[in-house]
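Enquirer:
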Amino acid sequence: MFNRVFIANRGEIAVRIIRCLREMGVESVVGYSDPDQYSMATQMADFAVPLNGTSSADTYLHIPKLIEAIKKTKSEAVHPGYGFLSENAEFAEAVKKTGAVFIGPSPQAIRSMGDKVEAKSIMQAQGIPIVPGVTTALEDLSHLKKAAKDIGFPLILKAAAGGGGRGMRVVHEESELEKAFEACKREAQAYFSNPAIFCERYIQNPRHIEFQVLLDHKQNGVHLFERDCSIQRRHQKLVEEAPSQYLNAAQREKLGALAVKAAQAVKYSGAGTVEFICESPDKAYFMEMNTRIQVEHPVTEAITGVDLIRQQLLVASGESLQLKQNDIQIRGWAIECRINAEDPAHDFRPHAGKVRKLEFPSGPFVRIDTYLRQGDSVPETYDSMIAKFIVWGEDRDQAIARMLRALAETRLEGIPTTIKFHEALFSMKDFRDSKFDTNFIEKNYDSLKTSMNSAENVDEISLLLASLLAQSHSQPVTLTGGHQNPVSQWQNAARREGVQTNS
Numbered sequence: 000m001f002n003r004v005f006i007a008n009r010g011e012i013a014v015r016i017i018r019c020l021r022e023m024g025v026e027s028v029v030g031y032s033d034p035d036q037y038s039m040a041t042q043m044a045d046f047a048v049p050l051n052g053t054s055s056a057d058t059y060l061h062i063p064k065l066i067e068a069i070k071k072t073k074s075e076a077v078h079p080g081y082g083f084l085s086e087n088a089e090f091a092e093a094v095k096k097t098g099a100v101f102i103g104p105s106p107q108a109i110r111s112m113g114d115k116v117e118a119k120s121i122m123q124a125q126g127i128p129i130v131p132g133v134t135t136a137l138e139d140l141s142h143l144k145k146a147a148k149d150i151g152f153p154l155i156l157k158a159a160a161g162g163g164g165r166g167m168r169v170v171h172e173e174s175e176l177e178k179a180f181e182a183c184k185r186e187a188q189a190y191f192s193n194p195a196i197f198c199e200r201y202i203q204n205p206r207h208i209e210f211q212v213l214l215d216h217k218q219n220g221v222h223l224f225e226r227d228c229s230i231q232r233r234h235q236k237l238v239e240e241a242p243s244q245y246l247n248a249a250q251r252e253k254l255g256a257l258a259v260k261a262a263q264a265v266k267y268s269g270a271g272t273v274e275f276i277c278e279s280p281d282k283a284y285f286m287e288m289n290t291r292i293q294v295e296h297p298v299t300e301a302i303t304g305v306d307l308i309r310q311q312l313l314v315a316s317g318e319s320l321q322l323k324q325n326d327i328q329i330r331g332w333a334i335e336c337r338i339n340a341e342d343p344a345h346d347f348r349p350h351a352g353k354v355r356k357l358e359f360p361s362g363p364f365v366r367i368d369t370y371l372r373q374g375d376s377v378p379e380t381y382d383s384m385i386a387k388f389i390v391w392g393e394d395r396d397q398a399i400a401r402m403l404r405a406l407a408e409t410r411l412e413g414i415p416t417t418i419k420f421h422e423a424l425f426s427m428k429d430f431r432d433s434k435f436d437t438n439f440i441e442k443n444y445d446s447l448k449t450s451m452n453s454a455e456n457v458d459e460i461s462l463l464l465a466s467l468l469a470q471s472h473s474q475p476v477t478l479t480g481g482h483q484n485p486v487s488q489w490q491n492a493a494r495r496e497g498v499q500t501n502s
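Just so we're aligned, residue 0 is where the sequence shown starts under numbering that gives the first Met the number 0, counting upward by one.
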């Protein structure tokens with residue numbers, strides 16, 4: 000095992016990795032940007048190195064600075080987390096040249112799966128179903144028009160090097176092709192420095208099902224079952240759960256085996272995720288492979304008891320995989336909510352600012368992964384996700400009830416968040432009945448917005464009444480504000496004064 004690991008990341012994933020390293024007796028090092036000088040990760044790590052810059056481009060995406068920090072701290076391995084340079088083959092190669100180990104797959108595997116066109120070709124050769132479309136990059140507009148005649152409408156344009164919902168355009172008719180083609184190419188170049196795009200049939204009302212895989216350097220591999228990531232906005236996930244009610248046992252076994260086969264096709268090692276887009280449980284198509292740890296990995300850990308960060312470290316240090324497929328069982332149900340510093344009532348507009356008050360929930364089977372503390376500021380420079388709420392239950396109904404309880408306990412003041420959105424979502428009958436697809440938020444946004452606004456009004460009225468009641472008596476009433484409890488603040492205040500209420 001390594002003695003010292005450099006974490007080329009920030010935020011909650013850096014904190015998550017530091018905690019795992021500490022449990023394993025391994026020293027942690029972080030490189031930090033100027034806004035992150037006093038962050039939780041910087042203060043928790045055994046060593047911290049300034050990267051001297053504010054933007055991602057000058058810090059967490061700046062390969063020369065990171066390599067210099069890795070050398071300076073004599074780190075033996077580098078964990079890239081997710082995002083930033085985690086799927087950058089050039090960075091993985093640069094790390095290798097320092098003599099340190101990149102905690103992830105080989106640069107070649109990253110390249111093969113990072114190029115969506117090449118990945119589709121590899122999967123097709125392996126007999127793994129892919130979405131009907133072109134398996135080469137589009138040369139020009141005439142190439143696209145020809146492909147469109149074969150595929151039909153609607154179709155979707157995607158950046159070959161894309162991900163995270165960037166570089167995508169849905170086209171419903173031929174007249175839209177030229178404008179979408181040029182826009183998609185520009186976005187692909189801007190976000191991924193690669194203008195190559197491809198197209199495939201646009202599957203309407205799909206489910207997004209992904210499988211966690213884990214392989215060692217000898218290609219021994221297992222899957223750790225699926226995650227349902229269908230609750231999205233603008234192709235970015237907001238809620239993930241494991242397992243999924245969408246699949247039965249036979250379908251789960253089939254897709255899990257395909258996921259391992261897909262990883263073995265590129266000689267993958269470490270933790271990765273194979274994503275499928277599903278027209279139906281029996282019509283699942285390979286979409287892409289993420290060659291890194293996922294934001295939503297905690298729900299897999301919750302139902303399997305496997306520490307995925309620890310497994311990454313063990314595999315990267317050269318150990319053989321000790322897990323066998325039959326050893327891994329599904330126990331209960333887990334759900335994760337991504338808590339973002341966004342205003343969901345205004346099209347999820349991101350917000351930066353200082354957190355004036357912060358109380359996270361706790362209690363049985365509630366896990367909070369975050370970098371945020373009371374008094375911290377959420378910088379506008381980076382991703383808006385500030386925390387992940389993960390709950391476990393014996394079944395899905397219990398997990399939903401536990402998540403609603405955790406959301407209701409949370410007090411976060413100073414910035415808008417998606418907490419009320421999640422409360423509204425989890426209260427919807429169709430969500431509770433697992434009747435949703437990747438367009439669920441878009442189709443139900445108005446009703447979700449109405450529900451969020453109603454909850455906001457109830458909170459404001461409850462706080463006002465409780466404040467007035469407290470002012471008229473010598474016994475003070477503590478007001479925490481924030482999100483609506485199952486029993487309102489006003490009811491709590493009234494009960495302390497002996498007032499009978501109907502509830």
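Beta carbons: idealized from backbone N, C-alpha and C, even for Gly. Fair warning: this is a prediction, and the values are worked out from it, not measured in the lab.
1) Closest by CA to A99, which one among S243, A7, K178?
2) Taking C-beta to C-beta, are L322 and V259 nearer than 9 Å?
3) Is N204 buried or exposed, if buried means 16 or more other CB atoms sit within 10 Å of its CB?
4) Just verifying my parser: in three-state terms, what is the DSSP assignment at A469?
5) Where does N325 sit, in a helix, a strand or coil, going by DSSP?
6) Thinking just about the alpha-carbon of each residue, which of G113, A158, E138, G132 is nearest to the one in G151?
7) So, helix, strand or coil for D368, using DSSP?
8) For Y444, name the three-state secondary structure that DSSP assigns.
9) For P49, name the three-state secondary structure that DSSP assigns.
10) For V354, which residues does DSSP report across the bridge?
11) So the alpha helix (DSSP H) P276 belongs to, where does it begin and stop?
12) With contact counted as at least three CB pairs below 8 Å, one residue from each stretch, are the region 353-366 and the region 402-416 in contact?
13) At the level of alpha carbons, what is the spacing between A344 and T97?
14) Name the two residues that bound the continuous alpha helix (DSSP H) containing I42.
15) Can you tell me which of H234, V14, A56, I338 puts its alpha carbon nearest to the alpha carbon of K419?
16) Is D149 helix, strand or coil when you go by DSSP?
17) Can you tell me whether DSSP reads H421 as helix, strand or coil?
18) With distances taken between CB atoms, is the gap from L506 to F101 smaller than 9 Å?
19) Extract the residue ranges of the alpha helix (DSSP H) inside the region 99-187, only unbroken runs of 4 or more that lie entirely within it.
20) Which same chain residues, not among the five before or five after C19, have their C-beta less than 6 Å away from its C-beta?
21) Locate the alpha helix (DSSP H) running through M427, then write down its first and last residues.
22) Do F439 and I230 have their C-beta atoms within less than 9 Å of each other?
23) Would the C-beta of G162 count as close to the ligand ADP, meaning under 8 Å from any of its heavy atoms?
24) With a threshold of 16 other CB atoms inside 10 Å of the CB of E11, please say whether the residue is buried or exposed.
25) When you compare each of S243, L176, I414 to K145 by their alpha carbons, which one comes out closest?
26) Can you name the residues that DSSP bridges to F388?
27) What's the call for Y267, buried or exposed, on a 16-neighbour Cβ count within 10 Å?
28) Fully enclosed by the region 190-226, which beta strand (DSSP E) runs are 3 residues long or longer?
29) Below 6 Å CB to CB, which residues in the same chain sit around D33 once its five sequence neighbours on both sides are set aside?
30) Between the beta-carbon of D375 and the beta-carbon of A386, is there less than 9 Å?
31) By how many angstroms is the C-alpha of D396 removed from the C-alpha of S433?
32) Does DSSP put S453 in a helix, in a strand, or in coil?
33) Can you list, in chain order, the residues of its chain whose CB lies under 8 Å from that of I16, leaving out five sequence neighbours each side?
34) Of all the options G82, E86, A47, which has the alpha carbon lying nearest to the alpha carbon of K73?
35) Counting beta carbon pairs with one atom in the region 445-452 and one in the region 232-252, are three or more of them shorter than 8 Å?
36) Spell out a yes or no on whether the region 109-122 and the region 282-296 are touching, meaning 3 or more CB-CB pairs, one atom from each, closer than 8 Å.
Expert: Well, looking at it:
1) A7
2) no
3) So N204 counts as exposed.
4) Below a pLDDT of 50, predicted positions are generally treated as unreliable, and A469, at 47, falls in that range; the measurement from the model is reported next regardless. If DSSP states are grouped into helix, strand and coil, A469 belongs with the helices.
5) helix
6) G132
7) strand
8) helix
9) Judged by DSSP in its simplified three-state form, P49 adopts strand.
10) DSSP lists no partner for V354.
11) Note that residue 276 corresponds to Ile in the displayed sequence, not to Pro. Note, I276: premise wrong, no alpha helix (DSSP H); beta strand (DSSP E) at 269-279.
12) Counting Cβ pairs under 8 Å, three or more are found: they touch.
13) In a straight line, the C-alpha of A344 is about 48 Å away from that of T97.
14) A small fix is needed here, since residue 42 is Gln in this sequence, not Ile. Start and end: 39-43.
15) I338
16) helix
17) helix
18) This structure cannot speak to residue 506, because the chain is shown only from 0 to 502.
19) 106-113, 115-124, 140-150
20) So the qualifying residues of the chain are I308, R309.
21) For M427, there is no enclosing alpha helix (DSSP H), as DSSP gives it neither H nor E.
22) yes
23) With respect to the ligand ADP, the structure offers nothing, as it holds no ligand at all.
24) buried
25) L176
26) C336, I367
27) buried
28) The qualifying runs are 196-200, 206-214.
29) T53
30) no
31) 11 Å
32) helix
33) V4, I6, N8, S27, H78, G80, I308
34) A47
35) no
36) With the cut-off at 8 Å, the region 109-122 and the region 282-296 touch.
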